[in-house]
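Protein chains: 2
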Amino acid sequence: MPDSATPRQRARAQTLADITRIGRSHLATEGAAALSVRAVARDLGVVSSAIYRYVRSRDDLLTLLVVDGYDELGDAVDAAEGAVARDDLRGRFLAIGRAVRAWALREPATYALLFGSPVPGYQAPAERTTGPGTRVIGALVRVWEDAYVAGVVEAAVPAPRIPRALATDARRVRKELDLTAPDDLLLRGVLGWAALFGCVSFEVFGQYGADTFSAPNDLFEHQLELLASTMGLPAA
Amino acid sequence: MPDSATPRQRARAQTLADITRIGRSHLATEGAAALSVRAVARDLGVVSSAIYRYVRSRDDLLTLLVVDGYDELGDAVDAAEGAVARDDLRGRFLAIGRAVRAWALREPATYALLFGSPVPGYQAPAERTTGPGTRVIGALVRVWEDAYVAGVVEAAVPAPRIPRALATDARRVRKELDLTAPDDLLLRGVLGWAALFGCVSFEVFGQYGADTFSAPNDLFEHQLELLASTMGLPAA
DNA sequence: CAAAGTCAAGAGCAGTGCTCTCTTTCGTGC
DNA sequence: GCACGAAAGAGAGCACTGCTCTTGACTTTG
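Just so you know, the protein sequences line up as chains A and B, in that order. Just so you know, we're using my numbering here: the first sequence kicks off at 1 and counts up by one. Just so you know, we're using my numbering here: the second sequence kicks off at 237 and counts up by one.
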């Protein structure tokens, strides 16, 4: 919102920000499926059709919220990881994991929008979402890479055979992200990524059942430690 | 549907089965959020209000589909595991994992209903869903327990410290399920469970992106092997 | 100051979950 | 073989949804 913009542009940007804010609050109280353009308009103090001046469609509103969510998660993860010494590789992984979980528990509805069931009929436009959507795996990959470069990765678990096709995929990823870590480490990282979000999803989505774990914090820490060891990250 | 039932009862059971079938097909084409009692009625060739003779509400219809889905997944997992020698513990785990993934890819919408975002405003009634809903973790736990009893568990990864509260939870679970496996193995199993579904969810929900992995089968096998090793399951 | 651009309002369409009342169908006990 | 009553279906109606289209008013710009 630079001052150089016309008053029109500034007012428009402000309204868009308001719509995002209200949309996220509705997401939090009613879920993505029940997200209602009319309800957002009501909360904005405006007639329903007026919203379509700012947002092309309900899908566009969803994209707004998706990008907003990815960015907030990315910021939280970056902030948490930034507070850890760069050479404490296990610590950086733990910090990332904790940040993901903390954000997911704080914003379960937005988390569900990003990492839960696809919203039927909605396809996130890649050109707007891939950037913000890859920040967490980006942060994780930097940890693996730094650990490899530092030569501290411990092969705690035997490396499975890697078929040719999978090796090709790994090679492409390594090239795209400009990495030096070998296939085995890269692919182990993918497991760590998926497993981390699996743990968070199970807790946020209530798969454990209501009364199974009285200490979900401890459970998650335990899972993170096991994952860090499986990834071969050494204690600080 | 026993023959002992009256014609009326049999007709009713048949109609209920039809409703489930149609409901699941709608789930597959439009998602849980868009599941509409009226649309099911239309496909059944019946007026919308007539459905309410069979299903108390939309939530009740959802519960029908949830139970149906858990049962189908449970059957698939049991069948796959049953085809493996009981003393091939790693093989049993791999079979369970493959069965979960195969079913999830075959029925992504039902998978999303069971393991994705909670459906807003819907709370699955525990008395009808916990039974069918715990069949997969039940199968997994039997593998851990059998491996422990057979004395073949290899501690590939160092066991993290287990806080008192978490140990209490583990103890309760062990009592409820009549297990002998120690806390560490039990909790490692919980990670394996969550991680398995994390991997499946990432693939089914498209988190990897469209073109990242050309060989998702190989990727999943790789992840399963790593998980099996982290769980300490020995090769056959 | 007038043209161009921007925006809010409202009516209206097609769909939703669900309830209520009314009619038809059909199995069963006599 | 048939009348009865329970079960099932039909239809209207209420209050809601996302979204489109038209109309008229306002603001910026040349």
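Where is the CB? At the ideal position from N, CA and C, for every residue including glycine.
Residue environment, residue i, which counts as buried when at least 16 other CB atoms sit within 10 Å
{"i": "Y148/A", "result": "buried"}
{"i": "T29/A", "result": "exposed"}
{"i": "P396/B", "result": "buried"}
{"i": "D184/A", "result": "buried"}
{"i": "A170/A", "result": "buried"}
{"i": "V37/A", "result": "buried"}
{"i": "A181/A", "result": "buried"}
{"i": "E390/B", "result": "exposed"}
{"i": "G445/B", "result": "exposed"}
{"i": "D454/B", "result": "buried"}
{"i": "P354/B", "result": "buried"}
{"i": "Q223/A", "result": "buried"}
{"i": "S501/B", "result": "Missing from the structure shown is residue 501/B; chain B here goes from 237 to 472 and no further."}
{"i": "D3/A", "result": "Residue placement at D3/A is poorly supported in this model, since its pLDDT is 45, which falls under 50; the coordinates are not used for a value here."}
{"i": "V283/B", "result": "exposed"}
{"i": "E412/B", "result": "exposed"}
{"i": "A316/B", "result": "buried"}
{"i": "G281/B", "result": "exposed"}
Integer-rounded CB distance, given that residue j should sit under 8 Å from residue i
{"i": "D307/B", "j": "P344/B", "result": "At roughly 18 Å, the Cβ-Cβ gap does not stay under 8 Å, so D307/B and P344/B are not in contact."}
{"i": "R90/A", "j": "A236/A", "result": "6 Å"}
{"i": "R188/A", "j": "L462/B", "result": "6 Å"}
{"i": "R313/B", "j": "R371/B", "result": "Residue 313/B is actually Val in this sequence, not Arg. About 7 Å separates the two Cβ atoms, so the contact holds."}
{"i": "G198/A", "j": "A431/B", "result": "5 Å"}
{"i": "A33/A", "j": "A269/B", "result": "3 Å"}
{"i": "V379/B", "j": "V157/A", "result": "18 Å between Cβ atoms; not a contact."}
{"i": "F202/A", "j": "G116/A", "result": "12 Å between Cβ atoms; not a contact."}
{"i": "G74/A", "j": "L140/A", "result": "About 12 Å separates the two Cβ atoms, so there is no contact after all."}
{"i": "G357/B", "j": "P120/A", "result": "About 16 Å; that fails the 8 Å criterion."}
{"i": "V152/A", "j": "P234/A", "result": "5 Å"}
{"i": "T466/B", "j": "T230/A", "result": "5 Å"}
Cβ shell of residue i (< 7 Å), same chain only, five flanking positions each side left out
{"i": "L27/A", "result": "L35, L65, A109, T110, L113"}
{"i": "M1/A", "result": "Only weak support exists for where M1/A lies, its pLDDT of 42 falling under 50; the value from the coordinates is given anyway. Answer for M1/A: R10, A13, listed in chain order."}
{"i": "V200/A", "result": "V100, R101, A104"}
{"i": "V303/B", "result": "R364, T365, P368"}
{"i": "L16/A", "result": "Y54"}
{"i": "A167/A", "result": "D183"}
{"i": "D254/B", "result": "L280"}
{"i": "I373/B", "result": "W429"}
{"i": "D324/B", "result": "A472"}
{"i": "A126/A", "result": "none"}
Contacting residues, own chain, Cβ-Cβ under 6 Å from residue i (five flanking each side not counted)
{"i": "V291/B", "result": "L297"}
{"i": "R58/A", "result": "V37"}
{"i": "E381/B", "result": "L415, A417"}
{"i": "A464/B", "result": "R326, F329"}
{"i": "I162/A", "result": "D183"}
Close Cβ partners of residue i (< 8 Å) along its chain, the five nearest in sequence each way excluded
{"i": "G259/B", "result": "L271, V276, L297, L300, L301"}
{"i": "T6/A", "result": "none"}
{"i": "V173/A", "result": "L179, L186"}
{"i": "A83/A", "result": "A95"}
{"i": "Q207/A", "result": "S201"}
{"i": "G323/A", "result": "Past the boundaries of the shown model lies residue 323/A; chain A is included only from 1 to 236, so the question cannot be answered."}
{"i": "T256/B", "result": "L300, L301, D304"}
Quiz item: What are the start and end residues of each continuous alpha helix (DSSP H) run of 4 or more residues lying completely inside the segment 120-186 of chain A, in chain order?
Solution: 126-133, 135-150, 164-177
Quiz prompt | Members of the segment 63-97 of chain A near chain B, C-beta cut-off 7 Å | solution = Residues of the segment 63-97 of chain A with a Cβ closer than 7 Å to any Cβ of chain B: none.
Quiz item: Of all the residues that make up the segment 452-463 of chain B, which are near chain A by a beta-carbon distance shorter than 8 Å?
Solution: D454, L455, E457, H458, Q459, E461, L462, L463
Practice problem: Would you list, in chain order, the members of the segment 409-426 of chain B that have their beta-carbon closer than 8 Å to a beta-carbon of chain A? | Solution: V409, L423, R424, V426
Quiz item: Using a Cβ cut-off of 8 Å, which residues of the segment 19-32 of chain A contact any Cβ in chain B, in chain order?
Solution: E30, G31, A32
Quiz item: Taking any Cβ of chain A, which residues in the segment 349-361 of chain B have a Cβ under 8 Å from it, in chain order?
Solution: L349, F351, G352, S353, P354, V355, P356, G357
Practice problem: Taking a Cβ distance cut-off of 9 Å, strictly less, list which residues of the segment 139-163 of chain A are near chain B, in chain order. | Solution: Residues A156, V157, P158, A159, P160, R161, I162, P163.
Quiz item: Can you list the alpha helix (DSSP H) stretches of 4 or more residues lying completely in the segment 307-347 of chain B, in chain order?
Solution: Counting only runs of 4 or more, we get 325-342.
Quiz item: Between the segment 431-442 of chain B and chain A, which residues of the former have a C-beta closer than 7 Å to a C-beta of the latter?
Solution: A431, F433, G434, C435, S437, F438, F441, G442
Quiz item: When you check each C-beta in the segment 125-136 of chain A against every C-beta of chain B, which residues fall closer than 9 Å?
Solution: A126, T130, G133, T134
Self-check item: Interface positions of the segment 30-55 of chain A facing chain B (Cβ-Cβ less than 8 Å), listed along the chain
Solution: E30, G31, A32, A33, A34
Quiz prompt | Ranges of the beta strand (DSSP E) found wholly within the segment 253-295 of chain B, counting only runs of at least 3 | solution = With a minimum length of 3 residues, no continuous beta strand (DSSP E) run stays inside the segment 253-295 of chain B.
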